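A.B. asks: Shown below is the structure under consideration.
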Amino acid sequence: MSDSWPHDLLDWYGAHARVLPWRNPPGAALPDDPDWPYRVWLSEVMLQQTTVEAATPYFHAFTARWPTVAALAACDDDDLMQAWAGLGYYARARNLLACARAVVAQHGGRFPGEEAALRALPGIGDYTAAAVAAFGFGRDAVVIDGNVERVVTRLLALAEPLPGARGAIRAALATAMPAGRAGDFAQGLMDLARRVCTPRAPRCLACPIAATCAGRQTGAPEDFPVKPAKKARPQRQGTAWWIEAEGQVLLVRRPAKGLLGGMLALPSCDWRGQAAVPPLSGDWQAMGVVRHGFTHFELALTVKALRLAARPELDGEWVAVGSAATGLPTLFAKAVQLVLAHARDDGTNAA
1434 MSDSWPHDLL
1444 DWYGAHARVL
1454 PWRNPPGAAL
1464 PDDPDWPYRV
1474 WLSEVMLQQT
1484 TVEAATPYFH
1494 AFTARWPTVA
1504 ALAACDDDDL
1514 MQAWAGLGYY
1524 ARARNLLACA
1534 RAVVAQHGGR
1544 FPGEEAALRA
1554 LPGIGDYTAA
1564 AVAAFGFGRD
1574 AVVIDGNVER
1584 VVTRLLALAE
1594 PLPGARGAIR
1604 AALATAMPAG
1614 RAGDFAQGLM
1624 DLARRVCTPR
1634 APRCLACPIA
1644 ATCAGRQTGA
1654 PEDFPVKPAK
1664 KARPQRQGTA
1674 WWIEAEGQVL
1684 LVRRPAKGLL
1694 GGMLALPSCD
1704 WRGQAAVPPL
1714 SGDWQAMGVV
1724 RHGFTHFELA
1734 LTVKALRLAA
1744 RPELDGEWVA
1754 VGSAATGLPT
1764 LFAKAVQLVL
1774 AHARDDGTNA
1784 A
């Protein structure tokens, strides 16, 4: 492999880097801003399982509302959860708040620059620690995400499936990374993966490191990275209950631990397949089924509705029917929309 490819990549990145609100321009000194690492960290948490296009408006909203890690640490838990709605994986939002509070309590409101100290904070793993160290502090950290893995496995034509190939990927990057340019090097690889070295039909003729790429020489670079056979996700069933009275619907707070922990939601069973017992007896009407994929299983949630003349004595919060979906996690927002659509179809007053 040619030793010039990291410099060829950096030259390409200097000319083609995406302009992003949390990214420093290629080759530029880091901003003289003590809250710059906070912005880098916030963006990295948002970008986990989320596209740049989806995360950008959330990033602007968060930094306008909570411009420093101290401001975020002082916010109300419910306010944060509502602001996070739509980004998914609410455990990340809980870890976001826990991490911000740990930075304030343990580090005086300033993120540490060392990877080991960053990994000790709530919700920060190897990737995020390396990203904050490199992008936020200019440290020589090896930053590896799925995009970087794709480029390097093709560059080396690594036949070992992921995740087993990760050791070879890390070793190759640690050797190739130009000192003092870790952030640009990693983000150059990420931009190359997005614009050129795409999962399907990579644009090898436009690639600045194509001459070095062993995957291209095989004639089938899209065969890398090699992935193990996917296992089918288990299927689960559950029931959610829509209880409506006096123009309002009942929402409950889910347990702090577990899926969608601490979020407002429609009353629901535990999704384990046992017979679902509604919160109260009545003439429940079947509204249909909504489906939602979680990391480890697929859920089919049956939605049933009960409309009453007066609100029953039940624990929870009563909200206006028309705004019931606001701030709910996606699964339950789908359930609300199903009920409202059903009401429009049959002429029931549900607004």
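Heads up: the sequence shown begins at 1434 in our numbering, then just goes up one per residue. Just so you know, even glycine gets a beta-carbon here, dropped at the ideal spot from N, CA and C. Note that the structure is a prediction, hence the values are computed from the model and not measured.
1) Can you tell me whether DSSP reads residue 1756 as helix, strand or coil?
2) Across which residues does DSSP place residue 1676 in a beta bridge pair?
3) Threshold first: 4 residues or longer. Then list the alpha helix (DSSP H) segments lying entirely within the region 1532-1564, N to C.
4) Label residue 1549 either buried or exposed according to how many other C-beta atoms from any shown protein chain fall within 10 Å of its C-beta, with 16 as the threshold for buried.
5) Return the Cβ separation of residue 1439 and residue 1618 in integer angstroms, given the expectation that the two are a contact with Cβ distance under 8 Å.
6) Got a sec? Which residues, its chain only, sit under 6 Å from residue 1576 by beta carbon, not counting five neighbours each side?
7) Could you check if residue 1747 is buried or exposed, using at least 16 other CB atoms within 10 Å of its CB as the buried criterion?
8) What did DSSP end up calling residue 1629 once you bin it into helix, strand or coil?
9) Is residue 1440 helix, strand or coil when you go by DSSP?
10) Along the beta strand (DSSP E) that carries residue 1384, what are the first and last residues, could you check?
11) With 16 as the cutoff for other CB atoms within 10 Å, does residue 1680 come out buried or exposed?
12) Determine the direct distance from the alpha carbon of residue 1642 to that of residue 1452, and round the result to whole angstroms.
13) Pick helix, strand or coil for residue 1768, following the three-state DSSP scheme.
14) If we count the other Cβ atoms within 10 Å of its Cβ and call it buried at 16 or more, is residue 1594 buried or exposed?
15) Ignore the nearest five residues each way along the sequence and tell me which others in residue 1769's own chain have a CB closer than 6 Å to its CB.
16) Give me the DSSP bridge partner(s) of residue 1746.
17) Could you check what DSSP says for residue 1476 in three-state terms: helix, strand or coil?
18) Could you spell out where the beta strand (DSSP E) holding residue 1575 opens and where it closes?
19) Please report the residue range of the beta strand (DSSP E) in which residue 1686 lies.
20) Whose C-beta lies closer than 6 Å to the C-beta of residue 1588 among residues of the same chain, with five residues either side of it excluded?
21) Along the chain, where does the alpha helix (DSSP H) that runs through residue 1602 open and close?
22) Can at least three beta-carbon pairs, one atom from the region 1651-1664 and one from the region 1603-1615, be found at a separation below 8 Å?
23) So what's residue 1616 in DSSP terms, helix, strand or just coil?
24) Suppose the cutoff is 8 Å on Cβ atoms and the five residues either side in sequence are ignored; what does the same chain contact list for residue 1552 look like?
25) Where does residue 1481 fall in DSSP's three states?
26) Given this structure, state the Cα-to-Cα distance separating residue 1711 from residue 1674, to the nearest angstrom.
C.D. replies: On the basis of the coordinates in this document:
1) The DSSP-derived three-state label of residue 1756 is helix.
2) As a beta-bridge residue in DSSP terms, residue 1676 pairs with 1739.
3) For the region 1532-1564, the continuous alpha helix (DSSP H) assignments of 4+ residues that do not extend past its boundaries occur at 1548-1552 and 1559-1564, in sequence order.
4) A residue is called buried once 16 or more other Cβ atoms fall within 10 Å of its Cβ, and residue 1549, having fewer, is exposed.
5) About 6 Å separates the two Cβ atoms, so the contact holds.
6) 1563, 1564, 1567 and 1619, listed in sequence order.
7) Counting Cβ neighbours within 10 Å, residue 1747 comes out exposed, since fewer than 16 surround it.
8) Residue 1629 falls in the coil class under three-state DSSP.
9) Helix at residue 1440.
10) Only positions 1434 to 1784 of the chain appear in the structure, and residue 1384 is not among them; the question remains open.
11) By the neighbour-count criterion, in which a residue is buried when 16 or more other Cβ atoms sit within 10 angstroms of its Cβ, residue 1680 is exposed.
12) Roughly 22 Å between the two C-alpha positions.
13) In the displayed model, residue 1768 falls within a helix according to three-state DSSP.
14) By the 10 Å Cβ count, residue 1594 comes out exposed.
15) The residues are 1757 and 1758.
16) When beta bridges are read from the DSSP output, residue 1746 appears opposite no residue.
17) In the structure shown, the three-state DSSP call for residue 1476 is helix.
18) Segment: none, residue 1575 is in no beta strand (DSSP E) and carries neither H nor E.
19) Here the beta strand (DSSP E) through residue 1686 covers 1681-1686.
20) 1646.
21) Where residue 1602 is concerned, the enclosing alpha helix (DSSP H) stretches over 1599-1609.
22) Judged by Cβ distances under 8 Å, the region 1651-1664 makes no contact with the region 1603-1615, as fewer than three pairs qualify.
23) Residue 1616 falls in the helix class under three-state DSSP.
24) Same-chain partners within the cutoff: 1558, 1559 and 1562.
25) Residue state, collapsed to three classes: coil.
26) Distance between the alpha carbons of residue 1711 and residue 1674 is about 7 Å.
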